[in-house]
Amino acid sequence: MTDNQFLELFPEEAIKEIRERVDDHKGSHISVKEFLGQAKGFLEDEFPYVSIRGEVSNLALPRSGHCYFTLKDDEAQLRAVMFHGQRLRSGYTPKDGEEVIVHGRPTIYTPRGDLQILVDSVVPYGLGMLERAFEELKVKLQKEGLFDPDVKKPIPQFPERIFVVTSPTGAAIRDFIKTARQRLVTGEIILCPTRVQGDGADQEIIEAIDAIEQIATSRDVIVITRGGGSREDLWAYNSELLARRIFKCSIPIISAVGHEVDFTIADFVADIRAQTPTAAAQVLFPELNEYAERLAHLSLRLSKELRNKIYVHRDQLMRVSKRLKDPMARIYEKRILIDELTFRKDRAFARVLNRYQGIVRDIENSLKKAIGLSVEDKRQRFERLTASLEALSPLKVLSRGYSIVTDEDGAVVKKGADVTQGQRLFIRPYKGRIKCIVEETSS
1 MTDNQFLELF
11 PEEAIKEIRE
21 RVDDHKGSHI
31 SVKEFLGQAK
41 GFLEDEFPYV
51 SIRGEVSNLA
61 LPRSGHCYFT
71 LKDDEAQLRA
81 VMFHGQRLRS
91 GYTPKDGEEV
101 IVHGRPTIYT
111 PRGDLQILVD
121 SVVPYGLGML
131 ERAFEELKVK
141 LQKEGLFDPD
151 VKKPIPQFPE
161 RIFVVTSPTG
171 AAIRDFIKTA
181 RQRLVTGEII
191 LCPTRVQGDG
201 ADQEIIEAID
211 AIEQIATSRD
221 VIVITRGGGS
231 REDLWAYNSE
241 LLARRIFKCS
251 IPIISAVGHE
261 VDFTIADFVA
271 DIRAQTPTAA
281 AQVLFPELNE
291 YAERLAHLSL
301 RLSKELRNKI
311 YVHRDQLMRV
321 SKRLKDPMAR
331 IYEKRILIDE
341 LTFRKDRAFA
351 RVLNRYQGIV
361 RDIENSLKKA
371 IGLSVEDKRQ
381 RFERLTASLE
391 ALSPLKVLSR
401 GYSIVTDEDG
411 AVVKKGADVT
421 QGQRLFIRPY
431 KGRIKCIVEE
441 TSS
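The following block contains the structure:
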């Protein structure tokens with residue numbers, strides 16, 4: 001690929017931005033790695049996902065399971081890589097010289113500076129528009145997780161009701177019922193008539209699923225089926241709207257569309273894909289002979305187990321009956337045991353009571369002794385404090401012949417200089433009170 005061909009891949013705005021960055025770096029420089037990294041970023045931003053038609057050449061299939069080839073036309077070529085996982089999911093491996101349409105993400109492999117496309121799926125170009133549309137939708141829904149095994153709902157072993165969504169006059173319903181009659185049918189088969197091809201057929205099937213879901217339970221199952229036909233005849237079952245409705249349905253769905261070689265989008269989204277309407281009936285209903293044999297085997301096992309249980313319990317009953325005594329003797333023994341236990345209880349209670357009465361008496365004596373000692377100690381201390389107070393009392397001094405002299409305000413006169421002639425004083429001897437007037441003072 002020439003430089004001009006490489007630049008033609010980008011819109012004018014991207015080319016302008018690249019040139020502006022180049023102008024900004026004039027006089028400076030960036031590394032090869034930085035340049036290729038920026039170019040890779042521009043490419044992946046502008047072309048996140050593309051579909052390219054070309055001829056396969058230089059095909060290489062190493063042991064890793066990856067697929068390497070060159071996609072070319074008369075004027076250019078492009079390296080392509082399809083990793084092992086994408087190759088398995090695509091279900092198709094291209095061949096040298098074959099014209100194909102690849103779907104994937106363009107990028108630049110920076111270690112070599114190669115422009116290449118990471119391929120998600122490959123479709124032969126000769127399949128036409130319907131096949132390309134089928135593959136594109138298949139890739140889209142697969143990426144969204146609608147085909148993941150983890151989201152598939154289990155089919156009940158013995159469904160209560162089987163809602164068959166198909167044409168009431170087609171071969172599919174006849175084959176389904178014919179097969180069911182030859183097998184063990186444990187539930188009710190309910191026909192939900194719809195068109196199975198033509199414009200609007202997918203919408204009728206969606207409406208039938210809506211109506212069923214309103215009355216069905218987890219013990220029911222839905223079978224979407226029709227007979228074989230061309231790709232155009234089966235196209236209603238490749239509807240994206242129908243695929244999403246099947247995915248969101250809370251009731252398990254079996255898809256049985258066409259013959260063994262026919263695959264539709266509904267087959268991939270459904271919880272189980274049956275190859276034909278007959279195969280759908282075989283999935284749901286076991287063979288009578290098979291269950292008759294299983295029932296006979298289980299009946300034999302049950303009889304054997306019951307006999308063994310009877311023998312075991314009979315032996316146990318005989319052993320127990322030998323150990324059984326006269327009921328009145330058992331009662332008499334229990335009465336004696338009760339009397340003995342009552343006597344032992346009364347005796348034990350008396351011992352405990354006597355022991356605790358002695359403890360209470362000891363505590364009472366100890367308290368009385370402690371209280372007596374405490375009262376005597378407090379009395380002696382009181383007497384000592386009383387004697388100390390009396391020794392320090394002014395009245396004790398007065399009893400020895402001393403008196404206290406105060407003025408009219410009650411202030412104590414301590415020396416002669418504190419009074420004047422004619423001043424009224426009060427003299428307090430040990431007993432009584434004397435009022436006097438100062439006639440003379442001396443210091």
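Under full-length UniProt numbering, the residues of the sequence shown are numbered 1 to 443, in order.
Cβ coordinates follow ideal geometry from the N, Cα and C atoms, glycine included.
Residue i vs residue j beta-carbon contact at 8 Å
i	j	result
P252	K153	yes
T420	V412	no
D175	P277	yes
F268	F147	yes
A281	R183	yes
I189	L242	no
M82	V50	no
I265	N238	yes
P48	F69	no
I212	S255	no
L59	D120	no
L36	P106	no
R87	G65	yes
S393	Y430	no
Cα-Cα separation between residue i and residue j, rounded to whole angstroms
i	j	result
A296	S303	11 Å
E131	G85	21 Å
L425	L395	19 Å
K140	G104	12 Å
L367	V360	11 Å
Y125	E293	53 Å
Y332	F343	17 Å
L118	A236	31 Å
Q357	F382	37 Å
L137	L284	29 Å
V397	N365	48 Å
C192	V165	5 Å
I310	Q316	10 Å
R226	Q197	9 Å
G187	I215	15 Å
V375	R384	14 Å
S442	G422	14 Å
D339	D362	35 Å
N354	Q380	40 Å
A270	C249	10 Å
D418	I437	14 Å
P173	E240	As written in the sequence, residue 173 is Ile, which differs from the Pro given in the question. Whole-angstrom Cα-Cα distance: 25 Å.
C67	L61	5 Å
M318	R307	17 Å
A370	E408	55 Å
K378	G372	10 Å
H259	L300	41 Å
R347	L341	10 Å
K334	M328	10 Å
V312	V320	12 Å
G410	G401	21 Å
R181	Y291	14 Å
R231	Y92	18 Å
From the options, residue whose alpha carbon lies closest to that of residue i
i	options	result
V100	L71, I434, L115	L71
Q157	Q77, V165, E144, V185	V185
G416	I338, R400, E440	E440
residue 498	S299, E340, D233, F247	This structure leaves residue 498 out entirely; the chain is present only between 1 and 443.
G170	D362, R195, E390	R195
R53	I30, L61, L78	L78
R244	E34, Q142, G229, A391	Q142
E160	L115, P149, T217, T110	T217
S31	V102, P111, T179	P111
K178	A279, L115, S90	A279
A155	A274, D233, Y291, R231	In the sequence as presented, Ala is not what sits at residue 155; that position holds Ile. For the residues A274, D233, Y291, R231, the minimum Cα distance to I155 belongs to A274.
Expected contact under 8 Å - CB spacing of residue i and residue j to nearest Å
i	j	result
I108	A39	6 Å
residue 447	I404	In the structure as shown, the chain starts at 1 and stops at 443, and residue 447 therefore has no counterpart that could be examined.
E98	V151	That pair is no contact at about 34 Å.
I162	V257	17 Å between Cβ atoms; not a contact.
G228	D199	No, G228 and D199 are not in contact; Cβ-Cβ is about 20 Å, not under 8 Å.
Q116	A80	6 Å
* Would you mind listing the alpha helix (DSSP H) stretches within the region 86-123 that are 4+ residues and don't spill past its ends, in chain order? => none
* **Length at least 3, wholly inside the region 205-287: the beta strand (DSSP E) runs in chain order** => 221-226, 253-257
* To do: For the region 361-432, list the beta strand (DSSP E) runs that are entirely contained and at least 3 residues long, ordered along the chain.
  => 404-406, 424-428
* To do: Just list the beta strand (DSSP E) runs in the region 33-82, keeping only unbroken ones of 3 residues or longer that don't cross its boundaries, in chain order.
  => 50-60, 67-72, 77-82
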